[in-house]
Every structure is written in C-alpha cells, then in structure tokens.
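Notes to accompany the following structure.
Numbering (this note's numbering), first residue to last: 31 to 184.
As structure tokens, this is what we get:
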C-alpha cells in the first residue's frame with residue numbers, strides 16, 4: 031500500500047524537511063516486507079493565496095486514494111492503534127493512502143469533507159514542518175510495530 035504525505039508548502043532544505051525525508055525513507059525500508067510503502071512526501075503550492083486555491087492543487091492527488099486529513103478536530107491515535115489501523119487499511123485492499131497536511135490556515139472545508147477520516151497530533155498546534163516529520167516518524171513506527179520490532183514498547 032503506497033503511503034503519501036501530501037503537504038501544502040515547500041520546505042526546501044530546512045532541517046525539518048530532511049528529518050521528514052529520513053523517516054519516510056526508513057518507513058519505506060521497514061514497511062517493504064509488510065506491503066506498507068513506499069512512503070513519499072509530496073509538496074504542492076497554490077498559485078493564489080487561501081484555502082480554496084490550496085484545495086485546487088491538492089484535489090488531483092486524491093483520486094482513488096483513502097484520504098486522511100490532518101486536522102485539529104481529528105482523532106488522536108496511540109502509536110500501536112495507528113499501526114493496527116494502517117494494517118487494516120492495507121488488509122481491506124486500499125492500494126494508496128494519502129495523508130494531508132494543509133497550509134498555515136488549515137485545510138479547506140471541501141477537502142475536509144471529502145476525506146475518509148481526520149486525525150490530530152494531540153491537543154497542541156504544531157508547526158506544519160514538524161507535523162510532516164512527526165507523521166513520517168509515526169508511519170515508520172507503525173512499520174516497526176507491525177514487524178514485531180522492539181522499537182515501541184508498552
């Protein structure tokens with residue numbers, strides 16, 4: 031199952047971008063035997079400001095995917111439950127999962143309503159650059175949990 035972290039905005043060579051790419055690479059390697067991955071990070075930018083313009087550039091990447099929108103009102107998953115959820119999505123036959131991280135103002139309501147589900151990183155608001163790294167790390171952690179690695183202990 032291909033996993034895409036689709037984000038509004040480009041980070042360039044920021045350390046957060048490198049951290050996210052490192053975890054995505056680790057997740058791809060760890061998930062290979064589990065049919066989780068590859069994991070990729072796709073950055074898009076709108077030509078005009080605002081959530082509606084961002085929705086326009088996100089929408090083409092969502093076709094045929096199971097879509098999880100990162101939103102402050104979404105479900106907060108414990109790591110083990112998140113791993114089990116990814117495994118269920120894979121086992122239910124989803125070939126592609128797209129995680130969305132919006133711009134500074136969040137995601138457009140049309141994108142949120144089109145998503146299959148929403149998820150949050152807890153009650154705090156996180157910088158979007160860190161949210162990418164945190165999400166990529168959780169996908170990596172999920173692969174290690176599902177492979178039986180002692181990386182995550184209860």
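Just so you know, even glycine gets a beta-carbon here, dropped at the ideal spot from N, CA and C.
- Message: Contact between the region 68-81 and the region 127-142 is defined here as three or more beta-carbon pairs at a separation below 8 Å; is this criterion met?
- Response: They touch, by the three-pair rule.
- Message: Less than 8 Å between the beta carbons of residue 126 and residue 94, yes or no?
- Response: Locating residue 126 in the chain shown gives position 96, where the first residue counts as 1. Locating residue 94 in the chain shown gives position 64, where the first residue counts as 1. Their beta carbons are under 8 Å apart, which means residue 126 touches residue 94 by this criterion.
- Which term fits residue 48, buried or exposed, when burial requires 16 or more other beta carbons within 10 angstroms of its beta carbon? Here residue 48 refers to the residue found at position 18 of the chain shown. Of the residues assessed, residue 48 falls on the exposed side of the cut-off, its CB having fewer than 16 other CB atoms within 10 angstroms.
- Query: Would residue 130 be called buried (16 or more neighbouring beta carbons within 10 Å of its own) or exposed?
  - Reply: Here residue 130 refers to the residue found at position 100 when the chain shown is read from its first residue. Residue 130 should be labelled buried.
- Query: Is DSSP giving residue 93 helix, strand or coil here?
  - Reply: For the purposes of this step, residue 93 is identified with residue 63 of the chain shown, where counting begins at 1. Assignment of residue 93 by DSSP, reduced to helix, strand and coil, places it in the coil class.
- Query: What number of angstroms, rounded off, separates the C-alpha of residue 36 from the C-alpha of residue 174?
  - Reply: Taking the chain shown and counting its residues from 1, one reaches residue 36 at position 6. Taking the chain shown and counting its residues from 1, one reaches residue 174 at position 144. Their Cα atoms are separated by approximately 22 Å.
- Task: Mind reading off the beta-carbon distance from residue 166 to residue 74? Whole number of angstroms is fine, and I expect it under 8 Å.
- Result: Your numbering for residue 166 matches position 136 in the chain shown. Your numbering for residue 74 matches position 44 in the chain shown. Contact between residue 166 and residue 74 fails: their C-beta atoms lie close to 17 Å from each other, not under 8 Å.
- Between residue 44 and chain C, is there a C-beta pair that is closer than 8 Å? Among the chains of the structure shown, chain C does not appear; only one protein chain is present.
- Going by CA-CA distance only, name the one from 71, 140, 117 that's closest to residue 40. Position 10 of the chain shown, counted from the start, is the residue given in the question as residue 40. The shortest Cα separation from residue 40 among 71, 140, 117 belongs to 71.
- Message: So, under 8 Å CB-CB, residue 119 and residue 31 are touching, yes? Tell me the CB distance rounded to an integer number of Å.
- Response: The count along the chain shown starts at 1 and reaches residue 119 at position 89. The count along the chain shown starts at 1 and reaches residue 31 at position 1. At roughly 7 Å, the Cβ-Cβ gap stays under 8 Å, so residue 119 and residue 31 are in contact.
- Taking Cβ to Cβ, would you say residue 106 is nearer than 8 Å to residue 67? Taking the chain shown and counting its residues from 1, one reaches residue 106 at position 76. Taking the chain shown and counting its residues from 1, one reaches residue 67 at position 37. Contact flag unset, no.
- residue 145 versus 53, 101, 58, 56, residue with shortest Cα-Cα distance: In the chain shown, residue 145 corresponds to position 115, counting from 1. Of 53, 101, 58, 56, the residue nearest in Cα terms is 101.
- Residue nearest to residue 117 in terms of C-alpha spacing, selected from 154, 59, 169: Here residue 117 refers to the residue found at position 87 of the chain shown. Comparing alpha-carbon positions, the option among 154, 59, 169 lying closest to residue 117 turns out to be 169.
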